[in-house]
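Numbering (UniProt numbering), first residue to last: 1 to 107.
Quick reminder that beta carbons are idealized off the backbone N, C-alpha and C, glycines included.
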Amino acid sequence: MIGRGIFRQCRDGRYALTPLAEALRSDADVSLAGMARFVGAPAHRDHWSRLTDAVRSGHTIVPALHGKPFFDYLASEPALTEIFNQAMTSSSELSIAPVVAAYDFSG
1 MIGRGIFRQC RDGRYALTPL AEALRSDADV SLAGMARFVG APAHRDHWSR
51 LTDAVRSGHT IVPALHGKPF FDYLASEPAL TEIFNQAMTS SSELSIAPVV
101 AAYDFSG
């Protein structure tokens, strides 16, 4: 992520955030920390690693892996549910301002 300008390496060998990485802080005004945690969660990676199977079969992969639809699986995994909810909240926070700005509320 250094090559993408998200982090930088300091002269003393430590790593630091760049302005681009500020959104990864959980205390940022609009934080992507929850989304980053969800995308990096082992279950999420496991689902995406089987994308080819889903495309070839035409079936969603979560029931094949867990025996139940995604939201039922999510309900059985409280820690993943919390991360998912944080991810969806941050996604909503990112999109709400342009939606409100573009919507005609005049009637």
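- When the beta-carbon positions are compared, G40 and Q86 stay at least 7 Å from each other.
- Proximity to I6 across E22, D12, R14 peaks at E22, based on C-alpha coordinates.
- Judged by DSSP in its simplified three-state form, A41 adopts coil rather than helix or strand.
- When only Cα atoms are considered, F38 and L74 end up about 12 Å apart.
- Counting along the chain, the unbroken beta strand (DSSP E) around R8 starts and ends at 7-9.
- Across the set L32, A102, G58, H44, the C-alpha of L32 shows the shortest separation from the C-alpha of T89.
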